[in-house]
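See structure below.
Quick look at the structure:
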């Protein structure tokens, strides 16, 4: 049982000047993001360039024993005049193999409610690395219509993937009913499965995916990562989504890319107004660079 007690297919987003304002949310397993990796200038530079592409980036597999990994990354991201910030969860997982989840976000486009950050109370150890949840609001929309959403950060462990996938529906339901009364729930992470597998495993038919059966690793052999959300309630999804193939975009070698991660970021685009469809408020919530 999951109990929430917080109170206790393109590479790069396409942007048109004629489009209404939108935000880009992404997920990225940085693969063993520790002090050693964070002190490699070439690696950190690529990570900073990737981070600037998005308004919110959910990061998995922070494995540093110190607390300076994300601050170092965000400091570098902001050297170009940006205003990024971060939130990091507690260390979770088995002794000797603990990890943290992190969110990096653009303060010019979204705000986070730090009082609402929480780790899912996974009393039955359904997930090896208990999910980390944050609540965001867009800042460039009228307050009464701003897109708000709960973002779940999750890394499924390969050794227990089959079992953990069985509980994804329960996880989404638990966060949707955590007392926040938020209907827009987005799961971002390394799910160790393709959209097709998740559907076959019994994930609700109401669930939508940012990408469908597109390889999300550097060597294009696995579909591990995705953004998952309820199609009917998250009408703000524009349908624009994909992988960010930093190997090709930054003209890296395979070895250089693997120094950064064996995963590729997956992103999706959302309108900044709550329930907006084609410039109108819905009655029922139904290769450019920013570096």
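Numbering (the numbering used here), first residue to last: 735 to 1025.
The beta carbon of each residue, even a glycine, is placed where N, CA and C say it ideally should be.
Nearest residue (CA-CA) to residue i, options the options
i: residue 952; options: 831, 787, 990; result: 990
i: residue 831; options: 766, 758, 925, 964; result: 766
i: residue 854; options: 805, 930, 913; result: 913
i: residue 851; options: 985, 893, 824; result: 824
i: residue 789; options: 797, 762, 806, 818; result: 818
i: residue 948; options: 1001, 969, 939; result: 1001
i: residue 966; options: 940, 1003, 777; result: 940
i: residue 755; options: 969, 843, 857, 858; result: 843
Three-state secondary structure (DSSP) of residue i
i: residue 1002; result: strand
i: residue 812; result: helix
i: residue 850; result: helix
i: residue 879; result: helix
i: residue 934; result: helix
i: residue 946; result: coil
i: residue 768; result: coil
i: residue 976; result: strand
i: residue 795; result: strand
Inter-residue CB distance, residue i and residue j (contact presumed, cutoff 8 Å)
i: residue 885; j: residue 792; result: 6 Å
i: residue 887; j: residue 866; result: 4 Å
i: residue 795; j: residue 978; result: The Cβ separation is near 17 Å, so there is no contact.
i: residue 881; j: residue 758; result: Not quite, the Cβ-Cβ distance comes to about 12 Å (not below 8 Å), so this is no contact.
i: residue 927; j: residue 895; result: 7 Å
i: residue 778; j: residue 804; result: With a Cβ gap of about 11 Å, residue 778 and residue 804 do not count as contacting.
Cβ-based burial, residue i [other Cβ within 10 Å; buried from 16]
i: residue 897; result: exposed
i: residue 999; result: buried
i: residue 973; result: exposed
i: residue 1007; result: buried
i: residue 995; result: buried
i: residue 878; result: exposed
i: residue 985; result: exposed
i: residue 771; result: buried
i: residue 911; result: exposed
Closer than 7 Å: residue i CB and nearest the ligand ADP heavy atom
i: residue 765; result: Ligands are entirely absent from the displayed structure, and the ligand ADP is therefore not among its contents.
Beta-carbon contacts of residue i that lie in its chain and below 7 Å, excluding the five residues immediately before and after
i: residue 906; result: 919, 921
i: residue 937; result: 902, 903
i: residue 800; result: 769
Contacts around residue i, its chain only, beta-carbon distance under 6 Å, and the 5 residues preceding and following it disregarded
i: residue 925; result: 890, 960
i: residue 845; result: 871, 873
i: residue 750; result: Confidence is the limiting factor: at residue 750 the pLDDT is only 46, short of 50, which leaves the residue's position unreliable, though a coordinate-based value still follows. Excluding positions up to five away in sequence, the list is empty.
Test: residue i CB closer than 8 Å to a CB of chain B
i: residue 792; result: Annotation note: the requested chain B is absent from the structure, which comprises a single protein chain.
Beta-carbon contacts of residue i that lie in its chain and below 8 Å, excluding the five residues immediately before and after
i: residue 943; result: 929, 932, 960, 961, 962
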